[in-house]
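Please read the structure below before turning to the comments.
In our numbering, the protein residues as written are 4 to 339.
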C-alpha cells in the first residue's frame, strides 16, 4: 500500500467512525432529552462517552479536513458549517456540565446544545450524500476493531474522570439541582411557544373524558390533599425536588377507566399521552410546597409525572381523556 493509499484508508475509516459516532450521539442524546427514568441513565452515560469519542477522533480527522479544504470543492462551506455546529454541540455540552453559564429565558447551554445537534442533521446528510464513503474489507479488519476499542476505551476513561471530578453533583440526566424544598427558587419555564394563560380558579373546570365522563371544578380539586415528594427534571438542564399536593390521577378516573393511554391537555393546547398503567403514580397538583400553584408553575392545576422529564409535566391542565391509542403514537415533542 502506498503512502497516499494508506492516508486515504485512514481518512475513510475516520470518516466512517465519525459518521457512526455522531449518529449514535444524536439517538442517545434525543432519548436522554425526552426520557427521565433511572432505567435510562445508561443512555446519558453513553451519550457522554460518544462526545469524548468525537474529541479523540478530532486529531486523525484534522489532516482529512486539510486535504478536503485544499481541493476547494463546491460544498466545502457546508462541511465547514457541519464542523462548526458539531464543535458548538460539544462546547455547549461541556459548558452545561461545568455549570459556568446561567440560563436566561429559553437560552441555556443545554438548549443551545440541542439546537446545534438538530442543525447538524441536515448538514451531515448533505455531507454523506455528496461525499459517500464505501466500506472496504480492510475497514473491518481486526486491526480496525482493535483501534475502535482503543478509542472507545480512551473516551470512556475521559468520561469517568470528568464525571468524578467535574460532574459528581449532577443527577443521572446531567441536570443541576436548583431550589429543592424551596418552591420560590424553582425556575419558571414553559415549553417553546407556550405562553402562561391567566385562569381564574372560579372558572376552571377539568373535563374527564373517554371511558369516564365527569367534570371537576376547583373546589372539588382542592378538597383533595394528598401530598407526595417528586422531582421535576427540566430539559433546560436543572432539576428540583418539591412537595406537591393534589389528587392522584387514578382517583380522578376511578375504577371504570378503560383504554390503552391517557391524554393530558393544557389550556394552551399542549398535549402529552401516557400509558394508562401510569395513572397510579401521577398526580394532578394544585399546591406546591403547601401553597397554591403560581401562574408560572401551572395554576390552577398541573400534572406531576414522577420519572419523566419536565416536558411531560403538563401545566394549566383542563382535560384528561382515556384513549384506545397506544401512548407512543404521538409526536416526540408537542407544539401548541
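Each residue gets a CB set at the ideal place from its N, CA and C atoms; glycine is no exception.
Asked                                                                                                  : Found
Residue 210 - partner residues in DSSP beta bridges                                                    : 218 and 322
Through-space distance from residue 238 to residue 198, alpha-carbon basis                             : 17 Å
Rounded C-alpha distance that separates residue 56 from residue 16                                     : 14 Å
C-alpha distance - residue 215 paired with residue 259, whole-angstrom precision                       : 7 Å
Extent of the continuous alpha helix (DSSP H) run through residue 128                                  : 112-133
Selected residue, minimal CA-CA separation from residue 174, among 297, 298, 26 and 48                 : 48
For residue 305, the residue or residues it bridges with in DSSP                                       : 288
Reduced DSSP secondary structure (H/G/I, E/B, other) of residue 4                                      : At residue 4 the pLDDT is 46, less than 50, meaning the model places this residue with poor confidence; the figure from the coordinates comes in the next sentence. Three-state result, residue 4: coil.
Contact check, residue 229 vs residue 39, beta carbons under 8 Å                                       : no
Proximal residues to residue 292 (C-beta, below 7 Å), its chain only, five neighbours per side dropped : 186, 245 and 246
Nearest-angstrom Cα separation, counted from residue 307 out to residue 3                              : Summary: the structure shown does not reach residue 3, with the chain confined to residues 4 through 339, and so no result is reported for it.
Same chain only: Cβ atoms within 8 Å of residue 115, ignoring 5 sequence neighbours per side           : 91 and 95
Reference residue 37; option with closest CA among 150, 113, 327 and 191                               : 113
Segment contact, 8 Å Cβ cut-off, at least three pairs: the segment 329-336 with the segment 248-264    : yes
Residue 133 burial status per 10 Å Cβ neighbour count (16 or more: buried)                             : exposed
Same chain only: Cβ atoms within 8 Å of residue 99, ignoring 5 sequence neighbours per side            : 111, 112, 113, 116, 177 and 240
Distance between residue 119 and residue 202 (C-alpha atoms, nearest Å)                                : 36 Å
Span of the beta strand (DSSP E), counted from its first residue to its last, around residue 268       : 264-269
Same chain only: Cβ atoms within 6 Å of residue 183, ignoring 5 sequence neighbours per side           : 243 and 244
Secondary structure of residue 245, DSSP reduced to three states                                       : strand
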